[in-house]
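Only one structure is covered here, and it is reproduced in the block below.
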Amino acid sequence: MDPEDLRLAVYRSFAASGRAPATADLALELAVSEPEVVAGLWQLHEARHLVLAEGGTIVMAHPFSAVPLGFSVMGRDTLWWGGCAWDSFALPHLLPAEGEMLIATRCPACAAPLGWSVGTAEPPPGGQVAHFLTPAARMWDDVVHTCRHQRIFCGHDCVEAWCRQAGAEPGYVMDLPTLWRFASRWYEGRLDRGYLRRDPATAAQYLRECGLTGDFWGL
Ligand SMILES: [Zn+2]
Ligand SMILES: [Zn+2]
């Protein structure tokens with residue numbers, strides 16, 4: 009089995025249904041045995057194409073998530089767990105046929121409900137800010153924890169209040185237009201065959217073009 013076939017099958021299942029596929033369904037679709045699928049999934053996990061839980065269940069295939077991380081993203085007929093702020097804002101770009109998608113969350117500090125209609129033409133209006141807790145160099149130490157703490161707050165005051173309450177060092181704060189730009193092309197190509205991750209230099213160039221700066225991003 010070509011691991012790229014398996015990667016695409018996982019991504020296409022998430023894209024079409026909002027859910028991770030079952031191992032048995034993948035085996036059927038790819039006409040291979042379940043142990044082959046399991047071995048292939050771990051290979052993709054090692055290569056950071058997806059994230060498995062200890063037992064081998066698919067947790068994430070960025071920007072898709074099989075578990076709630078604070079966001080929901082509603083398309084025309086499909087509902088996705090949005091992953092983190094970055095992942096949620098990426099979905100309208102990765103799935104343009106959905107048109108504008110409704111992204112909803114709560115401010116982690118004050119629990120205010122927050123929502124935006126997000127499309128590919130321009131950033132949604134709103135004075136809220138995204139707060140990223142984990143610096144880029146450590147994002148993959150525990151990527152589910154990382155995504156869980158990439159959230160959108162009412163504003164700077166709520167970020168500060170949350171950090172105080174959590175006893176956490178403040179991370180990186182960006183406005184919605186920066187988040188929207190940053191999310192727009194990061195996951196480009198993941199639904200296509202032959203997807204290759206950006207090399208570190210190209211990734212750094214992309215981050216700079218999006219307006220991100222500083223040690224937090226390794227720039
Ligand atoms: Zn708030
Ligand atoms: Zn994420």
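The sequence shown begins at 9 in my numbering and counts up by one.
C-beta: ideal position from N, C-alpha, C; glycine also.
Is any non-hydrogen atom of ligand 2 found closer than 7 Å to the C-beta of residue i, if you look at the structure I gave you?
i: residue 70; result: yes
i: residue 95; result: yes
i: residue 213; result: no
i: residue 155; result: yes
i: residue 219; result: no
i: residue 91; result: yes
i: residue 158; result: yes
Are the CB atoms of residue i and residue j nearer to each other than 8 Å?
i: residue 99; j: residue 88; result: yes
i: residue 124; j: residue 111; result: yes
i: residue 21; j: residue 86; result: no
i: residue 53; j: residue 60; result: yes
i: residue 42; j: residue 32; result: yes
i: residue 232; j: residue 138; result: The chain is shown from 9 up to 227; residue 232 falls before or after that span and cannot be answered.
i: residue 17; j: residue 36; result: no
i: residue 202; j: residue 163; result: no
How would you label residue i, buried or exposed, when you count the other beta carbons within 10 angstroms and need 16 or more for buried?
i: residue 74; result: buried
i: residue 29; result: buried
i: residue 118; result: exposed
i: residue 3; result: There is no way to answer for residue 3, as the model of the chain reaches only from 9 to 227.
i: residue 174; result: exposed
i: residue 198; result: buried
i: residue 6; result: Here the chain covers residues 9 to 227 and nothing more, so residue 6 does not appear.
Note to self: Just to be sure I understand the criterion: a residue counts if its Cβ is closer than 6 Å to at least one heavy atom of ligand 1. Which residues meet that?
What the structure shows: Contact residues of ligand 1 (beta-carbon closer than 6 Å to any heavy atom; chain order) are 115, 117, 118, 120, 161, 162 and 166.
Checklist line | Secondary structure, alpha helix (DSSP H): runs of 4+ residues fully inside the region 143-221 | finding: With a minimum length of 4 residues, the continuous alpha helix (DSSP H) runs that stay inside the region 143-221 are 151-156, 164-174, 184-194 and 208-217.
Notebook entry, point to check: For the region 25-67, which segments carrying the alpha helix (DSSP H) assignment without a break, of at least 4 residues, lie completely within its bounds, in sequence order?
Noted result: Entirely contained in the region 25-67, the alpha helix (DSSP H) runs reaching 4 residues are, in chain order, 31-38 and 42-54.
Next item on the list: List in chain order: all unbroken beta strand (DSSP E) runs of 3+ residues lying wholly within the region 81-108.
Entry: The region 81-108 contains these whole beta strand (DSSP E) runs: 87-89.
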